[in-house]
Amino acid sequence: HSIHGAIQESEHIFIRHGLEEKAQELTDIAVFEMGFGTGLNALLSLVFAEKQNKNIYYFTIEAFPIEKALVEKLNFTEKLKLSNELSRCFTEFHSLPWNSKTQIMVNFCFEKQHVFFENLNLPCDFYDLVYFDAFNPDLQPELWTESVFLKLYQSMKKGGILMTYSAKGKVKRALKIAGFQLKSLPGPIGKREITQAIKM
Numbered sequence: 215h216s217i218h219g220a221i222q223e224s225e226h227i228f229i230r231h232g233l234e235e236k237a238q239e240l241t242d243i244a245v246f247e248m249g250f251g252t253g254l255n256a257l258l259s260l261v262f263a264e265k266q267n268k269n270i271y272y273f274t275i276e277a278f279p280i281e282k283a284l285v286e287k288l289n290f291t292e293k294l295k296l297s298n299e300l301s302r303c304f305t306e307f308h309s310l311p312w313n314s315k316t317q318i319m320v321n322f323c324f325e326k327q328h329v330f331f332e333n334l335n336l337p338c339d340f341y342d343l344v345y346f347d348a349f350n351p352d353l354q355p356e357l358w359t360e361s362v363f364l365k366l367y368q369s370m371k372k373g374g375i376l377m378t379y380s381a382k383g384k385v386k387r388a389l390k391i392a393g394f395q396l397k398s399l400p401g402p403i404g405k406r407e408i409t410q411a412i413k414m
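First residue of the sequence shown: 215, per the numbering used here; consecutive thereafter.
Written out as structure tokens, the structure reads:
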């Protein structure tokens, strides 16, 4: 979908209903992202950290990294009218080696792993926020299961928020079985609703 649409959607789902909510109570925020993809969510989180003066530890995984040629075509930084420094950070998100951790800016630590979720070890009670941005449940049903959500639930702190763009019945059921309390929120333009899952 369009670059503009992608930015609006990510801002609405992951930043407004995820990061902004956690930032009201925390200065240091640990984020886990399921599906690094284009790096847009990481970029928007970095911009937020800089503007709001928050410290973010950002850990993201990707099983199928996008091609370099596509990365070079992404004009998120122009669309967002970012400073040279923030634009450099976006390039670094993609150029940094996989399975490494880097202090991208003073208040933004970035770690990415090229790994399948089932092979990933996550710490317990650690993450404040999860961006669940996996491919559509119809395309990758194995990522939208109780066991996946339970593993995420265990990795999150009490009060932690998991945000996803999906409001499908089976996704909500799996989240509930994993222990989350759910809120249906209005979606961005073109989506009826999105799901916020909270670890109580």
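All residues carry an ideal CB built from backbone N, CA and C; glycine is no exception. Just so we're clear, the structure is a prediction, and the values are computed from it rather than from any experiment.
- Annotation for LEU240: LYS268, ASP342 place their beta carbon closer than 8 angstroms to its own, counting only its chain and skipping 5 residues before and after.
- When rounded, the separation of the alpha-carbon atoms in THR291 and LEU258 is 10 angstroms.
- By the Cβ-count criterion, PHE330 is exposed, with fewer than 16 other Cβ atoms from all chains shown falling within 10 Å of its own Cβ.
- With respect to LYS413, LYS372 sits close: the two C-beta atoms are nearer than 9 angstroms.
- Here DSSP, grouped into helix, strand and coil, assigns GLY374 to strand.
- GLN395 and GLY404 have their C-alpha atoms roughly 25 angstroms apart.
- As DSSP reads the structure, THR316 sits in a beta bridge with PHE324.
- The alpha-carbon separation between LYS384 and PRO355 amounts to approximately 10 angstroms.
- Annotated as proximal: VAL261 and LEU300, with beta-carbon spacing under 9 angstroms.
- Assignment of GLU292 by DSSP, reduced to helix, strand and coil, places it in the helix class.
- A direct Cα-to-Cα measurement between LYS382 and ILE375 gives close to 18 angstroms.
- Non-local beta-carbon contacts of MET370 in its own chain, meaning distances under 6 angstroms to residues more than five positions away in sequence, involve TYR341, LYS413 in chain order.
- When beta bridges are read from the DSSP output, MET414 appears opposite no residue.
- A direct Cα-to-Cα measurement between LEU364 and PHE349 gives close to 18 angstroms.
- Sequence-distant partners of GLU223 (beyond 5 residues in either direction) whose C-beta falls short of 6 angstroms from its own C-beta, in its chain, are PRO402.
- A contact is defined here as three or more CB-CB pairs under 8 angstroms, and the stretch 223-232 fails this definition with respect to the stretch 310-330.
- With a threshold of 16 other beta carbon atoms within 10 Å, VAL320 falls short and is exposed.
- Cα atoms of LYS282 and PHE250: separation of roughly 14 angstroms, rounded to the nearest angstrom.
- In the DSSP annotation of this structure, VAL285 is not part of any beta strand (DSSP E); the continuous alpha helix (DSSP H) holding it starts and ends at 282-287.
- Around PRO311, the same chain offers no residue with a beta carbon nearer than 7 angstroms, after the five sequence neighbours per side are excluded.
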